[in-house]
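Participant: Numbering of the sequence shown is given in numbering that gives the first Met the number 0, commencing with residue 0 and proceeding in unit increments.
Even for Gly, the Cβ is constructed at its ideal location relative to N, Cα and C.
What you are looking at is a predicted structure, and each value in this text was computed from that prediction instead of being measured.
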Amino acid sequence: MCGGTAETDLDSFEEVSLEAKEGISDAQEENQKENKESETAEEENQKENKESETAEEETTTTVLEKKIFWGATDAKPEVYAAEDVSQATIDLTVEWVNKAISYWGNYGPLEIWIVGSGKEETIALDEKWCEVRTEKDPTWNKQWDCANGDPYESGNGWSPFYRYITDGGAAVSNYIREDIGYYFNALIMSSKYPGPEEEDYKPVVLHEYFHVYQQTNLSIPESPDTDGDWRTSNRNVYFNGGEVQVPFLMEGGAEYMAQYWYSMESDVDSGYLRRVMEYKAEAINPYLNSGKSLRELGYDEEFNSYDILTWFVAYLIHNTSEEIFRVDFWTQIENLGFEKAFEANFGKSADDMINEFDLWVEQPINVLLEIIP
Ligand SMILES: [Zn+2]
Numbered sequence: 000m001c002g003g004t005a006e007t008d009l010d011s012f013e014e015v016s017l018e019a020k021e022g023i024s025d026a027q028e029e030n031q032k033e034n035k036e037s038e039t040a041e042e043e044n045q046k047e048n049k050e051s052e053t054a055e056e057e058t059t060t061t062v063l064e065k066k067i068f069w070g071a072t073d074a075k076p077e078v079y080a081a082e083d084v085s086q087a088t089i090d091l092t093v094e095w096v097n098k099a100i101s102y103w104g105n106y107g108p109l110e111i112w113i114v115g116s117g118k119e120e121t122i123a124l125d126e127k128w129c130e131v132r133t134e135k136d137p138t139w140n141k142q143w144d145c146a147n148g149d150p151y152e153s154g155n156g157w158s159p160f161y162r163y164i165t166d167g168g169a170a171v172s173n174y175i176r177e178d179i180g181y182y183f184n185a186l187i188m189s190s191k192y193p194g195p196e197e198e199d200y201k202p203v204v205l206h207e208y209f210h211v212y213q214q215t216n217l218s219i220p221e222s223p224d225t226d227g228d229w230r231t232s233n234r235n236v237y238f239n240g241g242e243v244q245v246p247f248l249m250e251g252g253a254e255y256m257a258q259y260w261y262s263m264e265s266d267v268d269s270g271y272l273r274r275v276m277e278y279k280a281e282a283i284n285p286y287l288n289s290g291k292s293l294r295e296l297g298y299d300e301e302f303n304s305y306d307i308l309t310w311f312v313a314y315l316i317h318n319t320s321e322e323i324f325r326v327d328f329w330t331q332i333e334n335l336g337f338e339k340a341f342e343a344n345f346g347k348s349a350d351d352m353i354n355e356f357d358l359w360v361e362q363p364i365n366v367l368l369e370i371i372p
């Protein structure tokens with residue numbers, strides 16, 4: 000987390016992973032080739048950026064804006080896996096990222112990083128990270144944003160991947176900051192919680208990709224950290240109305256979208272989504288007893304905050320439509336800001352909607368489940 004960017008997912012109950020592996024497969028070789036190609040393209044982009052910056056300097060004295068790509072793209076995601084990750088796991092991960100792209104569109108730049116379980120292999124992946132970063136962005140801060148210190152043994156230090164071999168989980172880190180020269184999203188999967196052999200791995204990949212979609216719809220770079228708190232960011236104001244990162248619609252949205260779209264896959268049984276939501280209903284009573292507002296819930300509550308937030312998004316969609324939530328709301332927050340975009344799409348303020356939800360969600364579970372498709 001000292002890596003310099005806020006991670007969208009801080010939980011450990013979403014995860015992924017892989018197994019032991021043979022040598023470099025054809026697919027990996029192909030990936031490497033593709034990476035080479037796209038790196039060349041990036042070099043050209045950087046050249047273009049250089050040129051346009053120079054032009055701007057000549058024509059204007061106002062603040063220079065960096066033109067760094069972020070948003071809808073035709074580029075394929077790049078894939079980097081530790082050597083102890085199996086080809087089957089790489090293929091599975093790419094397959095579900097591609098499904099997410101087919102559902103919601105292709106956004107980036109996106110890098111998929113897959114961590115295994117071995118320490119040496121993970122350290123090698125840390126090194127690969129630094130190599131990729133400095134190749135793409137000569138201004139990359141190697142001292143702080145590449146592995147440093149000794150995170151694996153003494154715990155004193157940081158690396159992008161060390162925590163995944165013990166904690167497992169999955170995450171998306173969004174690198175769109177004023178002080179870097181190349182913006183990108185890193186979608187990280189690991190080998191447990193869930194592992195690639197678990198059904199959960201698939202909706203978790205979808206969940207993480209939805210974060211990429213959410214984040215790439217906001218093109219305003221993160222301002223430098225002035226308060227020393229990595230959880231605060233000017234970008235959070237667009238996502239929840241306040242500076243401090245809270246799960247709220249980021250997590251409720253990613254989780255409901257992942258489970259809803261997963262449930263529509265032809266080989267998933269028709270009772271899947273109701274089962275998932277019934278399980279998530281266990282968070283309802285502890286949430287109501289907590290007296291907290293949904294938009295104040297943190298990552299570490301005594302109940303699973305993601306679960307009650309997923310119910311809130313189900314409720315929003317029941318009252319409007321999936322498309323209004325997924326497309327209209329998320330694509331309007333940059334122009335309208337959080338509160339106005341919320342009200343424009345859902346018909347009332349977020350606080351009023353939360354109050355309405357709190358009354359609705361007190362009903363028996365069989366009544367609540369009637370809204371789940
Ligand atoms: Zn998440």
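By DSSP's criteria, residue 186 is part of a beta bridge. Which residues make up the other side?
Facilitator: For residue 186, DSSP records a beta bridge to 111, 171.
Participant: As an exercise, report each continuous alpha helix (DSSP H) stretch of at least 4 residues that is fully enclosed by the stretch 229–268, in chain order.
Facilitator: 233–239, 247–262
Participant: Mind checking residue 61: buried by the 16 CB within 10 Å criterion, or exposed?
Facilitator: Residue confidence for residue 61 is low, a pLDDT of 49 falling below 50, so the modelled location carries little weight and cannot support an answer.
Participant: How many angstroms separate the CA atom of residue 105 from the CA atom of residue 213?
Facilitator: 12 angstroms
Participant: In terms of alpha-carbon separation, which member of 318, 319, 235, 293 lies closest to residue 307?
Facilitator: 293
Participant: Does the distance between the C-beta of residue 300 and the nearest non-hydrogen atom of ligand 1 fall short of 7 angstroms?
Facilitator: no
Participant: Take the Cβ of residue 77 as the centre, count every other Cβ of all protein chains shown within 10 Å, and call the residue buried at 16 or more, exposed below.
Facilitator: A residue is called buried when at least 16 other Cβ atoms come within 10 angstroms of its Cβ; residue 77 meets this threshold and is buried.
Participant: Three Cβ pairs or more, each shorter than 8 angstroms: is that satisfied between the stretch 160–179 and the stretch 206–221?
Facilitator: yes
Participant: Hey, does residue 211 have any beta-carbon neighbour from chain D nearer than 8 angstroms?
Facilitator: Of the chains in the structure shown, none is chain D; there is only one protein chain.
Participant: Does the beta carbon of residue 99 fall short of 7 angstroms from some heavy atom of ligand 1?
Facilitator: no
Participant: If you draw a straight line from the C-alpha of residue 238 to the C-alpha of residue 170, how long is it?
Facilitator: C-alpha separation (whole angstroms): 17 angstroms.
Participant: Here's the rule I'm using: 16 or more other beta-carbon atoms within 10 Å means buried, otherwise exposed. How should residue 138 be labelled?
Facilitator: exposed
Participant: Output the distance between the C-alpha atoms of residue 129 and residue 146, rounded to the nearest integer angstrom.
Facilitator: 8 angstroms
Participant: What are the start and end residues of the beta strand (DSSP E) that includes residue 305?
Facilitator: That residue, residue 305, is in no beta strand (DSSP E); its alpha helix (DSSP H) goes 304–318.
Participant: Rounded to the nearest angstrom, what separates residue 179 and residue 107 at their Cα positions?
Facilitator: Roughly 16 angstroms separates the two Cα atoms.
Participant: Among 121, 135, 132, whose alpha-carbon lies nearest the alpha-carbon of residue 163?
Facilitator: 121
Participant: Can you give me the C-alpha to C-alpha distance between residue 148 and residue 365, rounded to a whole angstrom?
Facilitator: 53 angstroms
Participant: Could you check where the alpha helix (DSSP H) with residue 360 kicks off and where it finishes?
Facilitator: Run containing residue 360: none; DSSP gives neither H nor E here.
Participant: State the Cα-Cα distance for the pair residue 22 and residue 335, rounded to the nearest angstrom.
Facilitator: Residue placement at residue 22 is poorly supported in this model, since its pLDDT is 33, which falls under 50; the coordinates still yield a value, given next. Those two C-alpha atoms are separated by around 50 angstroms.
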